[in-house]
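Notes for the one structure printed next.
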Amino acid sequence: MKGKDLIFCCLILILFASFCKSKGRKDPIIVIDIEDNVNNMKRICLSQFSDNIRYVALESNPNFLLSMLLYEFDISDNYILCYDGRKCALYDIEGHFIRPIGSEGRGPGEYTGISALFLRNGKIYIHDFYTDDILEYKEDGVFLKRYQSGYTGNGKYRLENAIMINDSLIFGNIVNRTGREEYKALIMDKNGEIKYYWKNHIFFKLAPGVKQGTSTRDALFSKTGNGILFMEYFNDTLFLLDDQYHLKPLYVFNFGKYKEPLSERGKRLDQIDRSSYMGIYQIFTKENYLILKCDFNKYFPAKRLTPEIIKLPGIEEITRWHNTRIVIGIYDKITEKLVFSEPTSTDNHLFTSGLYNDIDAGPRFIPDKMINDSTMVMNIRFEYLIEHIESKDFKDNTPRYPEKKKRLESFVDSLSRTGFDNPVLMFVTFKAK
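Sequential numbering from 23 applies to the sequence shown in the working numbering.
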């Protein structure tokens, strides 16, 4: 072979190899920089994303009174299922009380403490934290079955928190408290048989005398039209569990100096300054953006104007200067820019943080749950809603729709006249694009 022919063949081989490599290469994972955008804050208005808000008051029932705060709730197209720390109740989608679901106790259909509840395919599922059982009911309240496997896979691997994918499979996280857990996540059926698993790749050593490392937050789970979002609190990567049960990395969050070092995981709580680190509570995804609920901790840029004194039975009074430390971030998938909605220094619990409500001047919006591809829900204590309506933040606010402001004011006034003190749910339907 002549020299020119040899050079030509080599070039062809190099180009072919490069082509094959590019065909097999996966798209790079997008990095969202939290560290560089901590101070990138502005007034982000709710009207940018929605003009449709409705408030649903969970009906008071003299024979079944809820406490002021919901611990857990789930919502389907027709029902609202909620738990207030002692009782579980079912409401219709307009907030009308239907019936209690189960009760506290140790008998058939009774629970000792609820950590999660789900509405799935016409049935109700409750995870009893203390017994680790899953209780199954019909929507008419009839108890069907108790699954004693609970959140424990193969009788060995206990899920710390989880989400029901459907009425047969559970997807959950194993918190790595020992520093050497074999798995980080499992999918199992209600009988505890493991169907899929994902290995843990984050390891650390426990400090002398420490039997288990600490964990400050649960892993996040959020349903989307494409599957389920999943992210461990101490991991930087957001994954998507698709309908084929593949766990795919979507984004990496760079916290930089605000990330808790792995070396802290194996220490006792009293050895760690947790206030110095930031994390993500929840993530919701839309077509063109992500909504992030970020825990800014001591870097939260606002505080109360006067201290709030918290009195709990048997516990010393707590003086609190912050209503929340949650800041809402909006990540634009098109421009790849992250902006945080600027918090406000105020005593008003519902005006401190979240998306500014310029639609009806109501509470600033911090979503708690995404119930379908278009609607998100915020859980509100009614006493805080009264506080907001009576505040200057509300009275001095001129929203886009003044008639909706008057409607909200009348709604709160009519409820307060009846002595209502149940929670209120704020439904926000987002625009298609």
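In this text, a Cβ means the ideal position worked out from N, Cα and C, and glycines have one as well.
* To do: Have a look at Met23 and Pro50 and give me their C-alpha separation to the nearest angstrom.
  => Below a pLDDT of 50, predicted positions are generally treated as unreliable, and Met23, at 48, falls in that range; the measurement from the model is reported next regardless. The alpha-carbon atoms of Met23 and Pro50 are separated by roughly 41 angstroms.
* To do: Return the CA-CA distance between Lys45 and Leu141, expressed in angstroms with no decimal places.
  => Annotation note: pLDDT 42 at Lys45 (below 50); position unreliable, coordinate value reported separately. Roughly 42 angstroms between the two C-alpha positions.
* To do: Excluding the 5 residues preceding and the 5 following Lys320 in the sequence, name in chain order all residues of the same chain whose CB lies nearer than 7 angstroms to its CB.
  => Ser297 and Ser298
* Asked: Any idea what DSSP makes of Lys279, helix, strand or coil?
  -> helix
* Would you call Lys178 buried or exposed, if buried means 16 or more other Cβ atoms sit within 10 Å of its Cβ? -> exposed
* Asked: Helix or strand or just coil, what does DSSP make of Gln304?
  -> strand
* Which class does Lys333 belong to by DSSP, given the choice of helix, strand or coil? -> strand
* Asked: Is the CB-CB distance between Ile216 and Lys206 below 8 angstroms?
  -> no
* Rounded C-alpha distance that separates Lys359 from Gly376 -> 18 angstroms
* Asked: Start and end of the beta strand (DSSP E) containing Tyr77?
  -> Ser72 to Ala79
* Asked: Taking the C-alpha atoms as reference points, what is the distance between Ile54 and Phe275?
  -> 5 angstroms
* Below 6 angstroms CB to CB, which residues in the same chain sit around Lys43 once its five sequence neighbours on both sides are set aside? => Residue confidence is low: Lys43 scores 41 on pLDDT, short of 50, so the model does not pin down where it sits. No coordinate-derived value is stated.
* To do: Return the chain-ordered list of same chain residues with a C-beta closer than 6 angstroms to the C-beta of Asp354, the five sequence neighbours on each side being excluded.
  => Tyr311
* Asked: Is the region 395–406 touching the region 421–432, taking contact as three or more C-beta pairs under 8 angstroms?
  -> no
* Taking three-plus beta-carbon pairs below 8 angstroms as touching, is the region 55–72 in contact with the region 89–102? -> no
* Exposure of Ser137, with buried meaning 16 or more beta-carbon neighbours within 10 Å -> buried
* What span of residues does the alpha helix (DSSP H) with Asp415 cover, start to end? -> Lys414 to Lys417
* Between the C-alpha atoms of Lys167 and Glu132, what's the straight-line distance to the nearest angstrom? -> 11 angstroms
* Would you give the residue range spanned by the beta strand (DSSP E) that Pro122 belongs to? => Phe119 to Pro122
* To do: Answer with buried or exposed for Ser125, where buried requires no fewer than 16 other C-beta atoms within 10 angstroms of its C-beta.
  => exposed
* Status (buried if at least 16 other CB within 10 Å, exposed otherwise) for Asp435 -> exposed
* Asked: Just checking my contact of Thr368 with Asp415 at CB under 8 angstroms: how many whole Å lie between their CB atoms?
  -> 6 angstroms
* Would you kindly work out how many angstroms separate the C-alpha atoms of Phe165 and Cys104, rounded to a whole number? => 17 angstroms
* Phe252 to Gln266 span [Cα, whole Å] -> 15 angstroms
* Asked: How do the region 400–408 and the region 372–388 stand: do at least 3 beta-carbon pairs fall below 8 angstroms, yes or no?
  -> yes
* Asked: So, is Gly247 buried or exposed, given that buried needs 16 or more other C-beta atoms within 10 angstroms?
  -> exposed
* Asked: For Glu339, which residues of its own chain have a beta-carbon under 6 angstroms away from its beta-carbon, when the five flanking residues on both sides are left out?
  -> Ile331 and Lys333
* Asked: Hey, Asn444 and Ala79: beta-carbon distance below 8 angstroms or not?
  -> yes
* **Pairwise C-alpha distance: Ala324 and Leu157** => 43 angstroms
* Figure out for me which residue from Ser171, Glu161, Lys160 and Gly163 has the closest Cα to the Cα of His149. => Ser171
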